[in-house]
Amino acid sequence: MLCAPAAERNKQPILDILKHYIDNEPRTLLEIASGSGQHVCHFAPHFPNVLFQPSDMDDCNVKSINLYIDHFKLCNVKQALKIDVRKDISSWNLPNEFQPKHIDYLLSINMIHISSDAAVDALFKNAGSLLSSKHGLLITYGPYAVNGQITPQSNTDFHRSLRSTNPEWGLRDINVLKEEVWRFNVLTDTWELMSIPEKDFPEELASFASCFFGEPILSEFYMFGGTAVPFGTTASNSVNVLKRVKDETFIWKELKTIGDVPIKQYGSCLVHNNGKFYVFGGTTGWEYNLEVRSLEPEFSGNKDYAGRREPIRWKWTLLHNGSGINGRYRHEAVVINDEIILIGGGTPEWTSPLTEGRLYYGCVKFGNNAYILGGCTEKSVMHRFIDRIVLRPRLLQDCWQLDLKEWRWKLLSGELNQQICFHAATVTPEGCIYVFGGTTDEKFERRTNQLQRCWIKPPTLFYIAARAIINAYPTLSDRFHDIALTNIFDYLPSSFN
Numbered sequence: 001m002l003c004a005p006a007a008e009r010n011k012q013p014i015l016d017i018l019k020h021y022i023d024n025e026p027r028t029l030l031e032i033a034s035g036s037g038q039h040v041c042h043f044a045p046h047f048p049n050v051l052f053q054p055s056d057m058d059d060c061n062v063k064s065i066n067l068y069i070d071h072f073k074l075c076n077v078k079q080a081l082k083i084d085v086r087k088d089i090s091s092w093n094l095p096n097e098f099q100p101k102h103i104d105y106l107l108s109i110n111m112i113h114i115s116s117d118a119a120v121d122a123l124f125k126n127a128g129s130l131l132s133s134k135h136g137l138l139i140t141y142g143p144y145a146v147n148g149q150i151t152p153q154s155n156t157d158f159h160r161s162l163r164s165t166n167p168e169w170g171l172r173d174i175n176v177l178k179e180e181v182w183r184f185n186v187l188t189d190t191w192e193l194m195s196i197p198e199k200d201f202p203e204e205l206a207s208f209a210s211c212f213f214g215e216p217i218l219s220e221f222y223m224f225g226g227t228a229v230p231f232g233t234t235a236s237n238s239v240n241v242l243k244r245v246k247d248e249t250f251i252w253k254e255l256k257t258i259g260d261v262p263i264k265q266y267g268s269c270l271v272h273n274n275g276k277f278y279v280f281g282g283t284t285g286w287e288y289n290l291e292v293r294s295l296e297p298e299f300s301g302n303k304d305y306a307g308r309r310e311p312i313r314w315k316w317t318l319l320h321n322g323s324g325i326n327g328r329y330r331h332e333a334v335v336i337n338d339e340i341i342l343i344g345g346g347t348p349e350w351t352s353p354l355t356e357g358r359l360y361y362g363c364v365k366f367g368n369n370a371y372i373l374g375g376c377t378e379k380s381v382m383h384r385f386i387d388r389i390v391l392r393p394r395l396l397q398d399c400w401q402l403d404l405k406e407w408r409w410k411l412l413s414g415e416l417n418q419q420i421c422f423h424a425a426t427v428t429p430e431g432c433i434y435v436f437g438g439t440t441d442e443k444f445e446r447r448t449n450q451l452q453r454c455w456i457k458p459p460t461l462f463y464i465a466a467r468a469i470i471n472a473y474p475t476l477s478d479r480f481h482d483i484a485l486t487n488i489f490d491y492l493p494s495s496f497n
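UniProt numbering numbers the first residue of the sequence shown as 1 and each following residue consecutively.
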């Protein structure tokens, strides 16, 4: 039998808490990642009317659990099952007493901080399918971070040791998503936090698909899908738009959609072409797809404040169900001559001597070229808990150009300022690429707020003149808060009076 010192220390404090939530009534409790078996065999005698079903994905742990059960001769604990929470529930071989929608308690101790995002997402997602709507309760135990803060120091040290072992491990933050929109003035090089009520923000603010659209000057930001904390458990299939309604006023609005509505997912990509939006692929957290859908507006006769017709609803149309094609996640797409080109993603199929396959990179399109910026190689792979071999991802800072007419790759001479992944990238109409943020270490732990830019063509004389004016008269941006490339000459006459 295995013996974990930590389990010996915390089994009684955990039991004291469980007594507040678990009734000693005929109930069922499924434990995921039971480990050595010390916990379940300590809890079970205190709840004789509760039927316990332990499980683990490791063969050694399953054997240890069953040895504990036999040693203590526990009548209300069933033999342990080998369960990988990431796999479909139908493959778990659950006994009749533990069928979906009929389980009263789902217990997981010290799993979340030593699991991949996919395993954590699957745990919470499957809880919704397994637990009874009447008594169902998910109980997790383990240290968490709150707003990026980890206390005490022992937990901070523990978090760092986990990340050094496997970049996907570490304490989860219970509040990691920011309901903020920032904009950067490319004329004055200043940041501004937009004043948008938090109550209007969509909940799913991670791994959503997005693109800009609208006139004038890209005044509408569309986003599809996404996930929230815990990642994968609250995926969305809604379409939200952040729209400039007048002057400096912005509002969020969820679009009313009909037709072939996609499943709730995240990690898709979204592009606009000829009046329609197109969504490609994504994941539910455990299944990947490469479905293709279009989304187009249906109009009424009404017009908005700018005289434009306002859509009354938006219609989804399934164009391809993705059968026979590997699904993709966090891929990118560009439009060229009414064709949409997908690049990279969670299941890349690169061949030498092209740019090596990568994840979490930046991608922009300008003219007839697409640009791939940074990212990282495949995620780390861990072999078992004991005698493990850990391979860590390698961060990249190279920049590649893909000619969308001749389908030819070119390694650019310039590089990003540092190796980064999970960053954001965009390109201005003048041909300047901006790259913001990202993570800078192979543990995905250190984040940066650095903004870097690179011109891929000479700037226009208008841009050069506007920048020269700002440099010569730096007080202009102080006097006129909303001065920008689009309106700088509107302010010049009054500035020199």
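Every residue gets a Cβ at the ideal spot worked out from N, C-alpha and C, and that includes glycine.
- Runs of the beta strand (DSSP E) lying entirely within the stretch 27–84, each at least 3 residues long, are 27–32 and 50–53 in chain order.
- Just so you know, the alpha carbons of LEU404 and ILE336 end up roughly 7 Å apart.
- LEU130 is positioned such that its CB atom lies no closer than 8 Å to that of PRO95.
- Per the DSSP secondary-structure output, HIS272 pairs in a beta bridge with PHE277.
- For PRO459, the secondary structure class from DSSP, reduced to helix, strand or coil, is coil.
- Of LEU193, ALA484, LEU242 and VAL435, the smallest CA-CA separation from LEU187 is found for ALA484.
- Three or more beta-carbon pairs separated by less than 8 Å are not found between the stretch 159–166 and the stretch 122–140, which leaves the two stretches without contact.
- In the assembly as shown, HIS423 is a buried residue. Its beta-carbon has 16 or more other beta-carbons within 10 Å.
- Restricting attention to beta strand (DSSP E) runs no shorter than 3 residues, the stretch 178–244 encloses them at 182–185, 190–193, 209–213 and 220–224, ordered along the chain.
- Setting aside the 5 residues that flank it on each side, ASN449 is surrounded in the same chain by GLY437, each with a C-beta closer than 7 Å to its C-beta; the list follows chain order.
- A distance below 6 Å between beta-carbons, with the five flanking residues on each side excluded, links VAL50 to the following residues of its chain, in chain order: ARG27 and LEU29.
- The shortest C-alpha to C-alpha distance from PHE280 to any of ARG330, TRP252 and GLU296 is the one to ARG330.
- Taking all protein chains shown into account, ILE464 has fewer than 16 neighbouring C-beta atoms within 10 Å of its C-beta and is therefore exposed.
- If you compare the alpha carbons of SER294, SER36 and ASP200 with that of GLU180, the shortest gap goes to ASP200.
- For GLY259, the uninterrupted beta strand (DSSP E) segment begins and ends at 257–259.
- Taking SER413 as reference, the option from THR439, TYR371, GLY375 and ARG392 with the minimal CA-CA separation is TYR371.
- Below 8 Å, enough C-beta pairs join the stretch 358–372 and the stretch 423–432 to call them touching: three or more.
- Considering only LEU416, ARG328 and LEU171, the residue with the shortest C-alpha distance to TRP455 is LEU416.
- Under the three-state reduction of DSSP output, PHE480 falls in the coil class, being neither helix nor strand.
- When DSSP states are grouped into helix, strand and coil, GLU97 belongs to the helix group.
- Non-local beta-carbon contacts of GLN53 in its own chain, meaning distances under 6 Å to residues more than five positions away in sequence, involve LEU30, LYS78 and PHE98 in chain order.
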